[in-house]
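Accompanying notes for the structure given below.
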């Protein structure tokens, strides 16, 4: 069956990409921890950018300005705890979209995407709560928009949204 053949090919390619991306993130993290850093990192970014298809410049849209403020909160008199808090006003889906970044004509991933990937393997976790209606298999409103954003980028850490909802 042709459909099964292509489903298998796509699944195999996704698994290969996941493994390669995981190895790349771990290597960049090791370079960062050891302080050897930049040359190896840039070489891997260039290799990644060469594999990334070039986008048409007509699809580029300027990023909307967002308001944000950071606070540091100290709690406790005996045992002091410090918490960093960042409030921002932005379209929640903009935080989820994968945007390509061009530096000198070379497509490079945005630093936020790399930092998010590295933080998945750290002890400092962050999250985003997206409130949607309670109908699991219904894609309406922001849930439909979120599903579309999920389909636009290969996800290397979690299952596809359709598989996650099953």
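Numbering (the numbering used here), first residue to last: 43 to 208.
For every residue, glycine included, the Cβ atom is placed at its ideal position computed from N, Cα and C.
Check                                                                                        : Outcome
Element boundaries [alpha helix (DSSP H), containing residue 55]                             : 44 to 76
Inter-residue spacing [alpha-carbon to alpha-carbon] between residue 132 and residue 109     : 7 Å
Simplified DSSP state of residue 130, which is helix, strand or coil                         : strand
Boundaries (first-last residue) of the beta strand (DSSP E) holding residue 201              : Run containing residue 201: none; DSSP gives neither H nor E here.
Proximity of residue 170 and residue 188 at Cβ, strictly below 8 Å                           : no
Residue 182 (DSSP reduced to helix, strand or coil)                                          : coil
Candidates 128, 202, 120, of which the one nearest residue 114 by Cα                         : 128
Whole-angstrom distance between residue 43 and residue 75, CA atom to CA atom                : 48 Å
Bridge partners - residue 122, DSSP secondary structure assignment                           : Answer by DSSP bridge pairing: none, since residue 122 is not bridged.
Between the CA atoms of residue 157 and residue 116 - distance to the nearest angstrom       : 25 Å
Same chain only: Cβ atoms within 8 Å of residue 160, ignoring 5 sequence neighbours per side : 67, 70, 71, 74
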